[in-house]
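Accompanying notes for the structure given below.
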Amino acid sequence: MEALEETEEVEQTLEDANSLNVSDFLDDLEADITEEEASVPSDVPGFDWSSIDTSHLPSSYKTNSRQEKELLQLADHFLAQYTHLCPDRKPLFVHPVNECGVQKFVSTTLRPTLLPFPELYYWSGCASFVCDYLIMEPLKCPITLVRKGLHSLYSPTTILRYQRGNCFDFTVLLCSLLIGAGYDAYCVHGYATLEMCSLDQTQEVCPLLRKPPEVPEEEDPNKYSIKYPVDPQSKFELQQKAKKEEEIEPQQEEEREEEVVMEVEKPKRDPLHGLRVHAWVLVLSGKRKVPETFFINPFTGNHHSTRDECFLGIESIWNHRNYWVNMQDCRQGCKDLSFDLSDSICWEMMFSENNEPSQLPTESPKKDTDDVEKEEIDMSFEMPLSWVARIKVSCREYENPFSQGKKVIMYNKAKLEKWAAYANGDGLVERVTVYADSDCTEEVEVKEWFKHREDLLYMREVNKQTQLITDYFRPGHPLLLKAHSYTSLDPETGHTVEYYHTAREDGLWKRFENATEMTEYFVGREDFLHMRHIELGERDKKMPAAGRGTDANPRPIVQIKEYFHRNPEKPADEDVEERIFMVIDDIIQLTYHLEVHDTIPSKVIFCRVIGREKRENEIFLSRENSVTYQPWSSEKHKNMLHLYNLLWELREEQKLLKQQVRDSEAEMLNILTVRVDEEANIKLSVSMYNSAKKGQQPEATV
């Protein structure tokens, strides 16, 4: 037994020595970091928190009430117990000083507030407002809070006034808004990665560029479905392909070497990994129909799973009513933590809510110590009201959250720029620039988002390599535009226009036009037409240029093709699938649908009689100028009278189609004319309820 006791004493001595060595190492590391941080210039030259004016602040900022003094005493008693029983843990963030140098309990710094803006009723709106409105300031010392580091926590009103703060300032303001909106939200004091603490998003994909997850296609449950054989392949082509692959292999090896170089250039492991202090928001499930508990990073406004590897540990959490200390092991980060705050084994509550004493463990390393009072002190206490004044945000401040005019965020091969509404004359509020390289020198694509435009343009994509521009419109445009792709607004230079087809009578949803052809796509038509393709010839060079009109010198129509879906109410040999009008050659060709058991479609071709002059409104039909192949049709469809009536109908259809083509050309010219005018005279709409913007408009427009 004596030998066992001696062994235990030696082990205890070694643990104490290791603890002292770690403590000394952290102290030296803290001193070095503080000296380095002191040389870092401030984000805004000349700004100093110690020189802010506090004379206008209410008395609650400068003094403590009787309840607040009692609260601080109970907190000190809790800290004394905690420090004795958990000597290896970092000091808790409990009662820092405010902007007036007065100690305040962290729970009373929260001021639950519901601001009168619809977006701020939801967590995403609150998080976006906080991260856009405030400028991020790093902690003075990234690994500690008490000595030479963060020893103060300013009120949310002061943070809003100066529009800047560190992670704790961001968190307290965001948590105040979330609690006011009805969420079960808590401030978290813990540890995170270097990228999260320093707001470094250069290794992340821009959220506006993330593709939605692909939904896997369901397999055909019919196991007896026909499996078609693989297309035959030429052995010679396969040999040629193998030779090309052999030639490409050296290039692929060079690319692999470049990838290895890129991996070498990746940032090295952070020497302070697991020690960097950070604050964020915890939202528990339950209230506001939140299905699952999640974190919010206040710097970015993004939500994260509680199993996210960026969060490395939690010391404590608090809301406006209580304070909890995490008693769980965080060596695996936060992925295995339980957030059941009623579990006294996982979370130690500072103030009991049911008039029971605090349940801190009573065991200590030395059982015979008399340094700690063994008697239990009643920790039940009613939290005082917040000492912070009412949080106010004006409409002007809410609509213009960027103190520096705009906000720039760098992502992996992308740059995101944000502006306030009405800050730009064209309504631009966001722009994402995608680059081909990590140094962001070669632009590949630019995406822009707009607001309050009268032409209802809300997004624009520009491909920098092909110079293709695509504009997207909200419903309600006078021309029913949905999207417009082009390289130039000049006519006949290649335009693709998409429409809100449900608002059109003809069911047209997309049209493509260039100098030689036009293709139209339809949806939901009663005649089952789904595509029309028009080939156009060159204009007569002797005639004057068309300019922006089609009457002077129109392009000749060479051919019109129409494609139809199957009409189940008609027999297949009477239901046209393809209809071709060769206008110049005066040929009409019909191809019919197939039945399930058929293999060859029926066809009818009407040709011009060679050597016969064409007369207006004359229908000449003979067996010389008509070719029919209808193996599945009845005899009545093969007689000449039926073909004559069919040809008469087709001639009338051809006249209507030619007029529709001219109307489509005129419509495209009108669209380009309107778009040129809209881009030259951009107008922004102002809501009748926006009194601030209404007052800025000239009296002539009121």
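Numbering-wise, UniProt numbering puts 7 at position 7 of the sequence shown, and it's gapless, one number per residue. Cβ atoms here follow ideal geometry from the backbone N, Cα and C, with glycine treated the same way.
8 Å Cβ cutoff met for residue i and residue j
i	j	result
His578	Thr591	Note that residue 578 corresponds to Glu in the displayed sequence, not to His. Yes, these two residues count as a Cβ contact at 8 Å.
Val429	Leu209	no
Glu137	Asn166	yes
Gly494	Asn463	no
Val97	His151	yes
Met531	Glu520	yes
Ile587	Ile560	no
Leu160	Val393	yes
Gln201	Tyr422	no
Val102	Thr63	yes
Asp132	Pro401	yes
Met327	Ile345	yes
Gly425	Ile682	yes
residue 714	Cys187	Here the chain covers residues 1 to 702 and nothing more, so residue 714 does not appear.
Arg511	Val497	yes
Secondary structure of residue i, DSSP reduced to three states
i	result
Tyr191	strand
Ala127	helix
Gln465	coil
Ala279	strand
Gly180	helix
Val172	helix
Trp324	strand
Met518	strand
Lys90	coil
Glu292	coil
Trp387	coil
Tyr133	helix
Lys235	helix
Ala75	helix
His533	strand
Lys374	In this prediction, Lys374 scores a pLDDT of 40, lower than 50, which makes its location untrustworthy; the coordinate-derived value is nonetheless stated afterwards. Here Lys374 sits in coil by DSSP.
His495	strand
Gln67	helix
Gln359	Its pLDDT being 48, under 50, Gln359 is placed unreliably in this model, and the value from its coordinates should be taken loosely. Reduced to three states, the DSSP call for Gln359 is coil.
Gln201	coil
Glu445	strand
Gly149	In this predicted model, Gly149 has a pLDDT of only 41, less than 50, meaning its place in the structure is not dependable; the value taken from the coordinates is given anyway. Correct three-state label for Gly149: coil.
Run of the beta strand (DSSP E) containing residue i, from where it starts to where it stops
i	result
Asp471	Leu468 to Phe473
Met349	Trp347 to Met349
Gln559	Ile557 to Phe564
Val205	Unbroken run through Val205: none, as it is neither H nor E.
Gln589	Ile587 to Tyr592
Ala414	Ala414 to Trp419
Glu578	Val576 to Met582
Leu508	Leu508 to Glu513
Arg431	Leu428 to Tyr435
Glu315	Phe311 to Trp318
Buried versus exposed, by CB contacts within 10 Å (16 or more), residue i
i	result
Thr487	exposed
Thr108	buried
Trp509	buried
Gly286	exposed
Ser687	exposed
Asp48	exposed
Pro298	buried
Thr54	exposed
Ile248	exposed
Lys243	exposed
His189	buried
Asp527	exposed
Asp169	buried
Thr144	buried
Gly405	exposed
His593	buried
Val676	exposed
Gln659	exposed
Met640	exposed
Pro601	buried
Extent of the continuous alpha helix (DSSP H) to which residue i belongs
i	result
Asn645	Met640 to Ala680
His304	Taken as a continuous stretch (DSSP letters only), His304 belongs to no alpha helix (DSSP H), being part of the beta strand (DSSP E) at Asn302 to Ser305.
Ser107	Val106 to Thr109
Ile143	Neither: Ile143 is in no alpha helix (DSSP H) and is coded neither H nor E.
Rounded distance between the beta-carbons of residue j and residue i, thought under 8 Å
i	j	result
Ala192	Phe311	6 Å
His501	Ser685	25 Å between Cβ atoms; not a contact.
Gly301	Val432	With 8 Å as the limit, Gly301 and Val432 do not qualify as a contact, their Cβ atoms being about 16 Å apart.
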